[in-house]
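To start, the structure under review is shown below, and the notes come after it.
Residue numbers (our numbering): 18 to 418.
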């Protein structure tokens, strides 16, 4: 077992929380904030869009796929996030943690068409025996959380992995927003592989009671449910995550190591957030192309890590890209196969590549897939999404027409 993060990891924990992190405002306050931001947004657009159009035709394209539509949509998205990113949001008022819709309309439609079966389940909090090291934060307790089963009903034409494997999906959202069904991504992977998927609705780090280690405890409860309640062999678990969900997946594997629990068989990641210090060069040189906002990311980190000293942000738990030599050996020793898809134009590019180098250094079976002109989580849809699915099928050794 690596010395990195496994010995005395509780030294990262503050005796009392940092009082500086932001807390989510009330729904009324946030509605007022976003309404004012939207007004400013509407005032800027008539000037900004013509400006972007002129710049597009008067200056060389930085890369061929940087079309006018892509430039405008990316910059407008970034403008909106910049205007609103100074505040972390409350949980959306119309999203009940236990409801399938909203935002799961594509799932409802797929179920009506007989493509999937969708079911909500209860994930019980983990017991005291599973609380150690970085999870020993007295102010944060385990809670019952919802999980959503996505069961593909369309048969594979041939091959397949049978009923022995299960996808455990962890959604993204910067730890401050998101829902298991807010994108069709896990459903697409489940349907293409023919493997049943459990997506867990972990707590968002928006308050003292839901900051870390709350998200970690919630996804651990899903692992315990799969391995202890329905007897899925850990080797048959495919851990799938995007962005912050991929970060949480990496943290879960480290925590399984700390608990001396068996590792999952596969780790499949789309644009994993790999550095809580937000310090790699691609934050600057890709800032003009990526829709992510360092302002909002910084606010999310402050809220999520309020119970930890600054040194925690340099650890492999919070910043997997900074894992010390030998820190990933547990994945090699247990034979976990890792796949990482990322975009060449996203803010996380450099930290993701450093993550890959660290895993390669420690002998992990890791496959890195760069989408050269891709943005953040480009592997979730479009042409890059098809490459992502094809790679996953190959890793799982599934033949699917």
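Ideal Cβ placement from N, Cα and C applies to all residues, glycine included.
Within 10 Å of its beta-carbon, does residue i have 16 or more other beta-carbons around it, so buried, or fewer, so exposed?
i, result
"residue 358", "buried"
"residue 90", "exposed"
"residue 144", "exposed"
"residue 130", "exposed"
"residue 57", "exposed"
"residue 115", "exposed"
"residue 136", "exposed"
"residue 243", "buried"
"residue 164", "buried"
"residue 84", "exposed"
"residue 162", "buried"
"residue 399", "exposed"
"residue 280", "buried"
"residue 62", "exposed"
"residue 381", "buried"
In terms of residues, what are the limits of the alpha helix (DSSP H) holding residue i?
i, result
"residue 73", "44-75"
"residue 129", "122-129"
"residue 325", "Counting along the chain, residue 325 falls outside any alpha helix (DSSP H), and DSSP gives it neither H nor E."
"residue 234", "231-241"
"residue 350", "346-350"
"residue 89", "85-101"
"residue 208", "202-210"
Using three-state DSSP, classify residue i as helix, strand or coil.
i, result
"residue 174", "Low per-residue confidence applies at residue 174: pLDDT is 43, beneath 50, and the placement is therefore not dependable, though the value from the model is reported in the following sentence. Residue 174 falls in the coil class under three-state DSSP."
"residue 340", "coil"
"residue 314", "helix"
"residue 168", "strand"
"residue 277", "coil"
"residue 414", "coil"
"residue 194", "coil"
"residue 259", "strand"
"residue 213", "strand"
"residue 251", "helix"
"residue 383", "strand"
"residue 27", "helix"
"residue 388", "strand"
"residue 245", "helix"
"residue 398", "coil"
"residue 116", "coil"
"residue 360", "strand"
"residue 155", "coil"
Span of the beta strand (DSSP E) holding residue i?
i, result
"residue 185", "183-187"
"residue 368", "It is not in any beta strand (DSSP E) - residue 368 instead sits in the alpha helix (DSSP H) that spans 366-378."
"residue 302", "Per DSSP, residue 302 belongs to no beta strand (DSSP E); it is in the alpha helix (DSSP H), 299-302."
"residue 134", "133-140"
"residue 334", "Neither: residue 334 is in no beta strand (DSSP E) and is coded neither H nor E."
Could you work out which residue in the options is closest to residue i when comparing CA atoms only?
i, options, result
"residue 383", "107, 372, 393", "372"
"residue 192", "40, 413, 318", "318"
"residue 149", "217, 32, 273", "273"
"residue 189", "216, 270, 206, 399", "216"
Is residue i near the ligand HEM, with its Cβ less than 7 angstroms from a heavy atom?
i, result
"residue 167", "In the structure on display, the ligand HEM does not appear, and there are no ligands present to speak of."
Quick one: measure Cβ to Cβ for residue i and residue j, integer angstroms, because I've assumed they're closer than 8 angstroms.
i, j, result
"residue 147", "residue 49", "Not really, about 41 angstroms apart at Cβ, beyond 8 angstroms."
"residue 307", "residue 363", "5 angstroms"
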